[in-house]
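Residue numbers (UniProt numbering): 1 to 323. Worksheet: the structure to be examined is printed underneath.
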């Protein structure tokens with residue numbers, strides 16, 4: 001585990017889903033080609049990311065490539081965030097959560113969140129018996145954002161629960177999902193019009209040395225990013241786009257975090273103390289080419305953002321240097 005501060009870019013991964021039934025019926029063309037592991041060519045233009053997942057990528061491959069390391073980081077005292085960004089019906093929820101109603105531990109379709117829930121406890125059970133863990137899951141709906149005396153944003157009215165198993169993690173998350181605003185849109189029969197933000201807060205203490213570490217893991221499934229005319233639903237992500245653009249341009253002193261509740265809560269994830277991974281989820285269809293290009297360009301801007309990360313270590317009085 002490294003000490004001190006370290007800079008790292010936001011990691012951006014691009015995932016394309018296959019053509020769906022309505023696109024095949026309509027006769028849409030399959031546009032992207034995949035010349036390499038980090039490149040997709042779309043509309044004749046190459047887009048380069050940390051990793052590109054073609055349509056035949058399994059859920060397990062996605063998890064092992066991008067999310068597994070974040071679990072280790074958070075258990076090592078770092079903050080982590082995993083975003084899913086893209087238009088409605090591009091595969092965000094499939095990537096983050098699960099495609100079908102399935103049993104935990106018993107499905108190849110499990111997305112990142114249920115796999116993380118399992119992975120956290122597998123790691124904990126294999127770690128030093130001198131470590132004591134406190135794990136809390138927070139679900140955020142109908143956000144009411146306030147600031148403490150240090151101007152750190154926090155949320156009133158969110159659901160918080162201590163958990164002791166992967167099943168309890170998913171129970172809390174399922175409760176949060178039940179409160180999420182889901183509406184029928186033209187693009188997807190069960191599309192969410194709101195953002196889904198889950199926080200897993202892990203605190204650990206070594207009972208011998210009394211060293212305390214804490215790590216926060218934000219799991220974010222964003223509402224659809226496409227034009228209102230195609231969905232018949234609202235859901236602008238302009239505030240997030242403005243924050244990404246300001247950070248990409250290097251204007252950190254004028255980043256409009258306060259323009260939305262979501263960007264205030266996720267301020268550390270974007271230019272702050274956090275190891276952040278962003279999934280940009282894309283449709284391969286010619287019908288959605290404008291939105292897909294917009295998503296790809298959004299991902300390229302996000303890839304330039306640098307965060308400064310450090311271990312969240314709570315010093316005991318004996319270890320504080322007063323000189």
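All C-beta atoms in this analysis are idealised placements derived from N, C-alpha and C, irrespective of residue type, glycine included.
Which term fits residue i, buried or exposed, when burial requires 16 or more other beta carbons within 10 angstroms of its beta carbon?
| i | result |
| --- | --- |
| residue 26 | exposed |
| residue 130 | exposed |
| residue 22 | exposed |
| residue 110 | buried |
| residue 198 | buried |
| residue 324 | This structure gives no information on residue 324, because the portion of the chain shown stretches from 1 to 323. |
| residue 265 | buried |
| residue 79 | buried |
| residue 188 | Only weak support is given to the placement of residue 188: the predicted model assigns it a pLDDT of 48, under 50, and the question is left unresolved by the model. |
| residue 207 | exposed |
May I ask you to report which of helix, strand or coil DSSP gives residue i?
| i | result |
| --- | --- |
| residue 36 | strand |
| residue 131 | strand |
| residue 12 | strand |
| residue 24 | helix |
| residue 289 | helix |
| residue 167 | helix |
| residue 5 | coil |
| residue 308 | strand |
| residue 313 | strand |
| residue 264 | helix |
| residue 214 | strand |
| residue 253 | helix |
| residue 68 | helix |
| residue 17 | coil |
| residue 31 | coil |
| residue 185 | Because the pLDDT at residue 185 is just 42, under 50, the model does not fix this residue reliably, and the value given afterwards should be weighed accordingly. Three-state result, residue 185: coil. |
| residue 160 | strand |
Tell me, which residues are paired with residue i by DSSP?
| i | result |
| --- | --- |
| residue 47 | 40 |
| residue 115 | For residue 115, which the question treats as bridged, DSSP gives no partner whatsoever. |
| residue 275 | 80 |
| residue 259 | Answer is none; residue 259 lacks a bridge partner. |
| residue 85 | 280 |
| residue 56 | Partner(s): none; residue 56 has no beta bridge. |
| residue 204 | 133, 213 |
| residue 242 | In the DSSP output, where bridge partners are listed per residue, residue 242 has none listed. |
Taking the alpha-carbon positions, what's the residue i to residue j distance?
| i | j | result |
| --- | --- | --- |
| residue 288 | residue 19 | 11 angstroms |
| residue 286 | residue 212 | 52 angstroms |
| residue 279 | residue 174 | 22 angstroms |
| residue 257 | residue 250 | 14 angstroms |
| residue 34 | residue 51 | 11 angstroms |
| residue 12 | residue 49 | 6 angstroms |
| residue 126 | residue 269 | 28 angstroms |
| residue 117 | residue 215 | 15 angstroms |
| residue 60 | residue 114 | 11 angstroms |
| residue 254 | residue 262 | 17 angstroms |
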